[in-house]
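Here's the structure we're looking at; comments come further down.
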Amino acid sequence: MNIFSAFSDDQTAILGCFAAMACCGLIAALSFRLGPAGQQQKSKQATIPMNSARPSDASKGQERRAA
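In this text, residue positions in the sequence shown follow numbering that gives the first Met the number 0: the first is 0, and each later residue adds one.
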């Protein structure tokens, strides 16, 4: 029994497209997991906290005016 004889040509094409998309998704998932993007970074970069260089009271007295 041929499984493709039960479907019309359009239905067979749609099944083929879904199979191709599933295959491409599997290849993309594997390449991401095995490639450099999926690897854990060995050294984490430490973030430096941002502190304001001037106190908040000093900025209250200064006003900017247009020339």
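Glycine included, every Cβ here is placed at the ideal spot set by N, Cα and C.
Values in this document were obtained by computation on a predicted structure and should not be read as measured data.
query: For the alpha helix (DSSP H) containing A27, list its first residue and its last residue.; result: 8 to 33
query: Rounding to the nearest angstrom, what Cα-Cα distance links A19 and P35 in this structure?; result: 25 Å
query: Assuming contact is defined by CB atoms lying nearer than 8 Å, are F31 and G24 in contact in what I supplied?; result: no
query: Strictly under 8 Å for the Cβ-Cβ distance: is R63 near chain D by that measure?; result: No chain D appears in this structure, which consists of one protein chain only.
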